[in-house]
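What follows is a single structure, written as structure tokens, with notes after it.
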Amino acid sequence: MLPPNITVWLVLSLLVTLSIYKIVLTSTFKLSKIAIALLVTLSIMLLLGIFQSKVEAREITLRVLQVIGFLLVFISLIQYNISKRKINTLFYIIAFSALIQILYALAQLYHNPETTPTFLLPYLGINSPPVGAFLQVNIMAMFLVTATVIAIYLFLQPSFKIQNLFKKILLLLVFLGGSYLIMLISSRASFVALSIAMPIMIFSGWQSIKNKKKWGGVFLLCFFLGGSLGLFAPNNSGGINKILNKTTNSRALAWKLSLQAIKEKPLLGYGLGGFTKAYFDQNEKYTKNLTEKDYKSSSFFTHPHNEILYWWVESGIFAIITLFSFIIYYLIVLFRKPKKYALQYIALLVPIGFHTQVSLPFYLSTLTMLLFIFLLVLPMRSTTVSYTISPSLYFKKFILITSALLFLSYTWFLKETVSGTESLVKIQNNDGERFYLLGNQLNNPYWGDLALTHAHVISMVNEYSAGNKEKAFKHLEWMEKKVEKHEDPTYYFLLLKGYKLLGEDKKYAALETRLSNRYPKPASL
């Protein structure tokens, strides 16, 4: 999912750059108490995680940049005067984008793979659920739920009656196609999120619904018609049985093992980047007592599918207390508004917010993070305070030029990151025979760690082939130290290859036995 996410990161970096330009050119900086609270919250969570972290700095660089990016985008959006009318326009744009995704997903389902270019519509396989442009089924379902709730919000607005027919039909199609695909995909998390958000939104605007009975009936008919067709479609990925099935072995085990890890270090956690190792330490203890046939109840996770547990494991209880303090403060500020609007904004936040507790939407889709930040900012737009700043002419020029250079540098970094994918794939497909394919990836924060490991593997093979076994063992020792701190099956399996190459049969057998417990057969979600 690297290319789609990088496209969104480019948009976000442009947004931040333009916001800096706006601040400098207008000499006005907007801020709110919520933004300050978010800054304090994220800073404490990051600092606690960094303080305890035992991995190399570059291994957590992207995580730190993601959190900082979250804050910068939040503050950037505050700088723009988003009126009620502009919000509705933006919501109609989101609804239109949802319709595009619906049509794209339907094309994925029903196109002829023999006549359609795969780069336009990748073949998903028989009975595979559609993923749209999100490349992940749950993210697709979550976006459709959010779009459906937004469609209800727009229907409840007083301006709905005077909207043109195109916009009304757009919302009806989102209702029809969205409900069809949500039920067709049979994502339990999305079904639960919709079951929570939709009643809240309807309750908040019940009076408005009574004033639009005819249109309300048409919307309701479209929703149930689409949902029924999706639920009983021949290519439904699970049907009502999957939605109502209470067994969530994989997630339940991930939460259980995460809580076990928390019990051992509840106060300060394992540090940023420490979740994966802490989790598989617990997984190894768990699987030692399992028989081969019970391995299906184990799971393979690098994230617990719960954002609160994730931060608790890595940054400890104080980070979670800080996070909950911010959530409570946000809700207090929200409910200072009329209850109708407060409930509507909560309903808008529920789909993505709920998914953060049962999945990892921010790490799979940057677009999801952007949408969540936008929804988070909306109710706070009236609480911002403007501060006048008086930078000198030279300082203004310095900031403008610097921000432009940073944007260009970041764009270049993202380009190199994407191009590095091809290099590393060639390395892995050719067993890492040629150094030159690594190129600049050794210094790339995204690929640098994997590239460095491949460099050691290549060097070990070359030294062994040249008869320099002592030097080859030096590279093997480096790999042994690497896996002590960095939890990744790729590195363990490369170490296995090293043992086999250098004739370390005992170490090979011991590690192979350990990995069979540490990395059992992945269970599906």
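Take 1 as the starting number for the sequence shown in our numbering and just add one per residue.
We put the beta carbon where it would ideally sit given N, CA and C, even for glycine.
Given the structure is predicted, the values throughout are model-derived calculations rather than measurements.
Leaving out the 5 sequence neighbours to the left and right, which residues in its chain are closer than 8 Å to threonine 17 when beta-carbon positions are compared? Here residue 17 corresponds to residue number 17 of the sequence shown, with the count starting at 1. Only Ser403, Ala404, Leu406 and Phe407 meet the Cβ criterion.
Looking at alanine 151 and alanine 95, is the spacing between their C-beta atoms short of 8 Å? Walking along the sequence shown from the start, residue 95 turns up at place 95. Walking along the sequence shown from the start, residue 151 turns up at place 151. In this structure, alanine 151 lies closer than 8 Å to alanine 95 by Cβ.
Leucine 334 to methionine 183, Cα distance in whole Å? Indexing the sequence shown from 1 puts residue 334 at position 334. Indexing the sequence shown from 1 puts residue 183 at position 183. Roughly 32 Å separates the two Cα atoms.
Pairwise C-alpha distance: leucine 71 and phenylalanine 29: Start at 1 with the first residue of the sequence shown, and residue 29 comes out as number 29. Start at 1 with the first residue of the sequence shown, and residue 71 comes out as number 71. Cα to Cα, phenylalanine 29 sits roughly 15 Å from leucine 71.
Hey, quick one: how far does the beta strand (DSSP E) through leucine 31 stretch, first residue to last? For this step, residue 31 is matched to residue 31 along the sequence shown. Its beta strand (DSSP E) spans residues 28 to 31.
For tyrosine 330 and leucine 343, the rounded distance between their alpha carbons: Locating residue 343 in the sequence shown gives position 343, counting from the first residue. Locating residue 330 in the sequence shown gives position 330, counting from the first residue. If you take the alpha carbons of leucine 343 and tyrosine 330, they lie about 13 Å apart.
Between threonine 366 and isoleucine 6, what straight-line distance do the alpha-carbon atoms span, to the nearest angstrom? Position 366 of the sequence shown, counting from 1, holds the residue named residue 366. Position 6 of the sequence shown, counting from 1, holds the residue named residue 6. Approximately 8 Å between the Cα atoms of the pair.
So the candidates are Lys86, Arg336, Tyr153 and Gly178; which of them puts its Cα closest to the Cα of proline 130? Locating residue 130 in the sequence shown gives position 130, counting from the first residue. Here the closest residue by C-alpha is Gly178.
Ends of the alpha helix (DSSP H) at threonine 148? Translated into the one-based positions of the sequence shown, residue 148 becomes position 148. Threonine 148 -> alpha helix (DSSP H) spans 137 to 156.
For serine 386, name the three-state secondary structure that DSSP assigns. Numbered from its first residue, the sequence shown carries residue 386 at position 386. Note: serine 386 maps to strand in three-state DSSP.
Span separating the alpha-carbon of leucine 332 from that of alanine 133: Taking the sequence shown and counting its residues from 1, one reaches residue 332 at position 332. Taking the sequence shown and counting its residues from 1, one reaches residue 133 at position 133. At residue 332 the sequence reads isoleucine, which differs from the leucine that was named. Distance between the alpha carbons of isoleucine 332 and alanine 133 is about 37 Å.
First through last residue of the alpha helix (DSSP H) which encompasses arginine 63: Walking along the sequence shown from the start, residue 63 turns up at place 63. 61 to 78 is the span of the alpha helix (DSSP H), which, as asked, contains arginine 63.
Just to confirm, is the Cβ distance from leucine 370 to tyrosine 21 under 8 Å? Locating residue 370 in the sequence shown gives position 370, counting from the first residue. Locating residue 21 in the sequence shown gives position 21, counting from the first residue. Contact: no.
Using DSSP with H/G/I as helix, E/B as strand and the rest coil, what is isoleucine 82? As a working mapping, residue 82 is identified with position 82 in the sequence shown. Isoleucine 82: coil per DSSP, three-state reduction.
Look up alanine 254 in the DSSP assignment and say whether it is helix, strand or coil. Counting from 1 along the sequence shown, the entry for residue 254 is found at position 254. Three-state result, alanine 254: helix.
Name the two residues that bound the continuous alpha helix (DSSP H) containing glutamine 344. Counting from one through the sequence shown, the residue named residue 344 turns up at place 344. Where glutamine 344 is concerned, the enclosing alpha helix (DSSP H) stretches over 339 to 355.
To the nearest angstrom, how far is it from the Cα of asparagine 211 to the Cα of leucine 154? What you label residue 211 is simply residue 211 of the sequence shown in a count that begins at 1. What you label residue 154 is simply residue 154 of the sequence shown in a count that begins at 1. Rounded to the nearest angstrom, the two C-alpha atoms are 14 Å apart.
Which listed residue (Leu99, Lys161, Met45 and Lys84) has its alpha carbon closest to that of threonine 526: In this structure the chain extends from 1 to 525, so residue 526 is not present and cannot be described.
Would glutamate 463 pass as a contact of histidine 475 if the rule is Cβ separation under 8 Å? Reading the sequence shown from its first residue, position 463 is the one you call residue 463. Reading the sequence shown from its first residue, position 475 is the one you call residue 475. For glutamate 463 and histidine 475, yes; Cβs fall inside 8 Å.
I need the boundaries of the alpha helix (DSSP H) containing lysine 481, first residue and last residue. Here residue 481 is taken as the residue at index 481 of the sequence shown, counted from 1. Note, lysine 481: alpha helix (DSSP H), 469 to 485.
Integer Cβ distance of glycine 448 from arginine 63, believed to fall under 8 Å: Your numbering for residue 448 matches position 448 in the sequence shown. Your numbering for residue 63 matches position 63 in the sequence shown. The Cβ separation is near 14 Å, so there is no contact.
Under 8 Å, Cβ to Cβ, is there at least one residue of chain B near leucine 170? The structure shown has no chain B; it contains just one protein chain.
For asparagine 306, count neighbouring Cβ atoms within 10 angstroms of its own Cβ and tell me buried if that reaches 16, exposed if not. Indexing the sequence shown from 1 puts residue 306 at position 306. That one is buried.
Nonlocal neighbours in the same chain, by C-beta distance under 7 Å from glycine 69, ignoring five residues either side: Along the sequence shown, read from residue 1 onward, the residue named residue 69 stands at position 69. Cβ neighbours of glycine 69 beyond the five flanking positions: Leu12.
Write down the C-beta distance between leucine 172 and phenylalanine 219 rounded to the nearest angstrom, noting that I regard them as a contact closer than 8 Å. Along the sequence shown, read from residue 1 onward, the residue named residue 172 stands at position 172. Along the sequence shown, read from residue 1 onward, the residue named residue 219 stands at position 219. Going by Cβ atoms, the distance from leucine 172 to phenylalanine 219 rounds to 7 Å, so yes, they are a contact pair.
Given leucine 495, which residues of its chain have a CB within under 7 Å of its CB, disregarding the five upstream and five downstream residues? If you number the sequence shown from 1, residue 495 lands on position 495. Met479, Glu480, Val483 and Leu511.
Please list, in chain order, all residues of the same chain as threonine 148 whose beta carbon is under 6 Å from its beta carbon, the five residues on each side excluded. Mapped onto the sequence shown, residue 148 falls at position 148. Same-chain partners within the cutoff: Gly178.
Which residues in the same chain have their Cβ closer than 7 Å to the Cβ of leucine 181, if we skip the five residues on either side of it in sequence? Translated into the one-based positions of the sequence shown, residue 181 becomes position 181. Hits under 7 Å: Ile102, Ala105, Pro130, Leu144 and Gly230.
With 16 other Cβ atoms within 10 Å as the buried cut-off, status of threonine 47: Counting from one through the sequence shown, the residue named residue 47 turns up at place 47. As written in the sequence, residue 47 is leucine, which differs from the threonine given in the question. By the 10 Å Cβ count, leucine 47 comes out exposed.
So leucine 42 and valine 73 are in contact, right, with Cβ under 8 Å, and what is the actual spacing, rounded? Position 42 of the sequence shown, counted from the start, is the residue given in the question as residue 42. Position 73 of the sequence shown, counted from the start, is the residue given in the question as residue 73. Going by Cβ atoms, the distance from leucine 42 to valine 73 rounds to 12 Å, so no, they are not a contact pair.
Using C-beta distances below 6 Å, list every residue in its chain close to glycine 282, excluding the 5 sequence neighbours before and after it, in chain order. If you number the sequence shown from 1, residue 282 lands on position 282. With the sequence shown as reference, residue 282 is identified as glutamine, and glycine is not the correct amino acid for it. Counting only Cβ-Cβ distances below 6 Å, and skipping sequence neighbours, we find Leu257, Gln260 and Ala261.
Do you know how far the Cα of lysine 86 is from the Cα of serine 382? Residue numbering aside, residue 382 sits at position 382 when the sequence shown is read from its first letter. Residue numbering aside, residue 86 sits at position 86 when the sequence shown is read from its first letter. Going from the Cα of serine 382 to the Cα of lysine 86 covers about 14 Å.
Cα-Cα separation between tyrosine 519 and alanine 254, rounded to whole angstroms: For the purposes of this step, residue 519 is identified with residue 519 of the sequence shown, where counting begins at 1. For the purposes of this step, residue 254 is identified with residue 254 of the sequence shown, where counting begins at 1. Straight-line Cα distance between these residues: approximately 13 Å.
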